[in-house]
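Colleague: Per our numbering, numbering of the sequence shown is gapless, rising by one per residue and ending at 447.
Glycine included, each C-beta is placed from N, C-alpha and C at the ideal position.
Here the structure is a predicted model, which is why all the values come from computation and not from measurement.
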Amino acid sequence: MENYKVMIIGCGRVAAKHLKAIAKNSRRVSLAALVDVSEEAAKRLSPDTPYYSDYKKAIEEVKPDIVAVTVPSGLHYEIAKYAMEHGCNLLLEKPMTMSSGESRDIYDISQKTGKKIAMGHIYRYFPIVGLVHDDIKDGKFGKVTHGSIYVRWGHGDDYYGSAAWRGTWKSDGGALMNQTIHAIDLLVWLMGSTPVEAASMISQRKAKIEAEDLGMAILKMDDGSLASIEGTTCTSDKDKCAEFSVFCEGGTVSMGIRSGKPSLNIRDINGKKLNGRYIRRQIRKGGLGSLLGALNPHTAIYSDLIESLDTGKQPIADAKAGYTSVDNLMGIYKSAKNKTTVKLPLDEDFSSVDMTGYFGG
Ligand SMILES: NC(=O)c1ccc[n+]([C@@H]2O[C@H](COP(=O)([O-])OP(=O)(O)OC[C@H]3O[C@@H](n4cnc5c(N)ncnc54)[C@H](O)[C@@H]3O)[C@@H](O)[C@H]2O)c1
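Shown next, in the form of structure tokens:
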């Protein structure tokens, strides 16, 4: 079996999770090089791995099979485009890019080149989520009426002060764009319908940043169902939590994570708990160890990308998921900016940079 060469570009916080995930998949992937503008950051991550400061030179010399794009979000577009055009598949961190047009472009390039993209949309890779997705899709819960998510991912000044790009419209966006986009992707994927309208409001309550630290939105789906969204970094950084619920005519599915501990509440329409069935099915499908997948979902993303390269199947969170989630998010921002409901998919490019000055300053 082929062993795929991985190069990580960007050696900060999330890259440490990639390093662990590569180690867990070491029978099939190996870390060939690290790239960062800071040599210190790369050496801190892995002192013995070959280091480059220039990603173009690194790609040319190392010719990796997989490039993990883990730089600040505002740099995703240029690096993802260059890497795919030079023969690499991607593990691309969320958000795919900072605009709907750029994300469409990355999706188109992946279609044209046949290069695979697995997005860092970790929630799709949590244990049991895949089973629930398939059951909702197969109609086992009946018609979906509505869904909701909250992401209360508290961050203090130390987080926002840790790098100049955080919380800026150009390179990060706010709580919806950074902390919530992959949860929105999950909710839309589970509901199995397509957003056709977005209505939203955003606010700044606590963090000293350019973008929002609180956002609320409603998506209307093409089957008439509604999705409600709350994303914030205003809450306690000692009690980070996120939860989604999908409500169906035949039952309700809720799953979440609070301070690192997962929760599960799956019930039929009579209120009978179905958790045990799903836990047993997950163990049969992935083994007992797969229940711990929420501890480092990046391990499952690498496994999925490996399978995709072996077999040609699309990754679970693929280029289309990356593009549509940015398009939905840009619709949410545009609705907040224009104080009106916005049609989805967007018919014109909208960028997080178009929000510059929204809160003044
Ligand atoms: N999927 C997830 O769960 C998850 C979690 C955290 C972060 N992320 C995403 O990962 C990305 C990085 O976030 P982070 O918190 O690790 O950021 P970070 O600031 O900790 O790390 C970014 C690194 O990129 C380096 N860098 C900057 N410009 C570069 C360039 N031109 N070439 C090479 N390296 C460069 C920086 O020196 C830094 O070491 C963001 O897009 C973020 O949204 C995803």
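Would you say the beta carbon of proline 431 is closer than 8 Å to some non-hydrogen atom of ligand 1?
Modeller: no
Colleague: Report back the beta-carbon spacing between alanine 128 and leucine 117 to the nearest angstrom; my notes put them in contact at under 8 Å.
Modeller: 11 Å between Cβ atoms; not a contact.
Colleague: Please work out which residues of its chain come closer than 7 Å, Cβ to Cβ, to threonine 442, disregarding the five sequence neighbours upstream and downstream, and give them in chain order.
Modeller: Trp255
Colleague: Report whether the distance from the Cβ of histidine 172 to the nearest heavy atom of ligand 1 is below 8 Å.
Modeller: no
Colleague: With burial defined as no fewer than 16 other Cβ atoms inside 10 Å of the residue's Cβ, what is the status of proline 83: buried or exposed?
Modeller: Only positions 87 to 447 of the chain appear in this structure, which leaves residue 83 out of reach.
Colleague: Would you check whether ligand 1 has a heavy atom nearer than 8 Å to the C-beta of asparagine 361?
Modeller: Checking the 8 Å criterion, the Cβ of asparagine 361 is out of range of every heavy atom belonging to ligand 1.
Colleague: Just list the residues that DSSP pairs phenylalanine 333 with in beta bridges.
Modeller: His232 and Thr338
Colleague: Let me make sure I understand the geometry here. Which of Gly301, Ala380, Met263 and Ile222 has the alpha-carbon closest to that of valine 339?
Modeller: Residue Ile222 is the option with its Cα nearest to valine 339.
Colleague: Would you kindly report the start and end of the unbroken alpha helix (DSSP H) that includes lysine 198?
Modeller: 186 to 199
Colleague: Mind checking who methionine 287 pairs with in its DSSP beta bridge?
Modeller: Answer by DSSP bridge pairing, in chain order: Met302.
Colleague: Are the region 218 to 237 and the region 327 to 336 in contact at 8 Å, needing three or more beta carbon pairs?
Modeller: yes
Colleague: Does the beta-carbon of glycine 342, which I'm using as the reference point, lie nearer than 8 Å to any heavy atom of ligand 1?
Modeller: no
Colleague: Taking alanine 410 as the reference, give the member of Leu381, Ile270, Ser322 and Ser394 with the closest Cα.
Modeller: A quick correction: the sequence has threonine, not alanine, at residue 410. Its Cα nearest to that of threonine 410, the residue Ile270 stands out among Leu381, Ile270, Ser322 and Ser394.
Colleague: On a CA-only basis, which of Asp433, Tyr163, Ala380 and Met184 is nearest leucine 262? Give me that one, please.
Modeller: Met184
Colleague: Of all Cβ atoms in chain D, is any one closer than 9 Å to the Cβ of leucine 176?
Modeller: In the structure shown, chain D cannot be found, because there is only a single protein chain.
Colleague: Nearer than 8 Å: is that true of the beta carbon of glycine 98 relative to any heavy atom of ligand 1?
Modeller: yes
Colleague: Is serine 248 a contact residue of ligand 1, with contact defined as CB to any heavy atom under 8 Å?
Modeller: Yes, Cβ of serine 248 sits closer than 8 Å to a heavy atom of ligand 1.
Colleague: Between the alpha carbons of glycine 408 and glycine 206, how many angstroms are there, rounded?
Modeller: 9 Å
Colleague: So what does cysteine 327 bridge to, in DSSP terms?
Modeller: As DSSP reads the structure, cysteine 327 sits in a beta bridge with Arg238 and Arg344.
Colleague: List the residues that DSSP assigns as beta-bridge partners of serine 314.
Modeller: Ser234 and Ile304
Colleague: Does the region 150 to 170 come close enough to the region 95 to 103 to have 3 or more Cβ pairs within less than 8 Å?
Modeller: yes
Colleague: Kindly list the residues whose CB is nearer than 8 Å to the CB of valine 439, restricted to its own chain and excluding five residues on each side of it in sequence; keep chain order.
Modeller: Met184, Ser185, Trp255 and Lys256
Colleague: Please state if the CB of isoleucine 343 and the CB of alanine 328 are separated by a distance shorter than 9 Å.
Modeller: Here alanine 328 is near isoleucine 343, since their CB atoms are less than 9 Å apart.
Colleague: Among Ile208, Tyr209 and Ile192, which one has its Cα closest to the Cα of lysine 201?
Modeller: Ile192
Colleague: With a threshold of 8 Å (Cβ to nearest heavy atom), would glycine 206 be considered close to ligand 1?
Modeller: yes
Colleague: Taking the DSSP output, what are the residues bridged to arginine 353?
Modeller: Beta-bridge pairing links arginine 353 to Thr338 and Lys359.
Colleague: When the Cα atoms are used, what is the spatial distance from methionine 87 to arginine 114?
Modeller: Cα to Cα, the separation comes out at about 8 Å.
Colleague: When the distance is taken between beta carbons, is aspartate 299 closer than 9 Å to serine 286?
Modeller: no
Colleague: Using 8 Å as the threshold, is the region 165 to 184 in touch with the region 410 to 421, meaning 3 or more CB pairs across them?
Modeller: By the Cβ rule, the region 165 to 184 counts as touching the region 410 to 421, because three or more pairs are nearer than 8 Å.
Colleague: Within 8 Å: the Cβ of histidine 241 and any heavy atom of ligand 1?
Modeller: Shortest gap from the CB of histidine 241 to any heavy atom of ligand 1: 8 Å or more.
Colleague: Would you list the residues sitting across from asparagine 484 in a DSSP beta bridge?
Modeller: What is shown of the chain runs 87 to 447, which leaves residue 484 out entirely.
Colleague: Pull the bridge partners of leucine 120 from the DSSP assignment, please.
Modeller: Ile94 and Tyr137
Colleague: Express the C-alpha separation of glycine 96 and tyrosine 137 in angstroms, rounding to a whole number.
Modeller: 11 Å
Colleague: Near serine 450, what residues of its chain come up, given a Cβ to Cβ distance below 8 Å and the 5 sequence neighbours on each side ignored?
Modeller: Because the chain in this structure spans residues 87 to 447, residue 450 falls outside the shown range and cannot be described.
Colleague: Quick one: does the C-beta of valine 157 sit closer than 8 Å to a heavy atom of ligand 1?
Modeller: Under cutoff, so the answer is yes.
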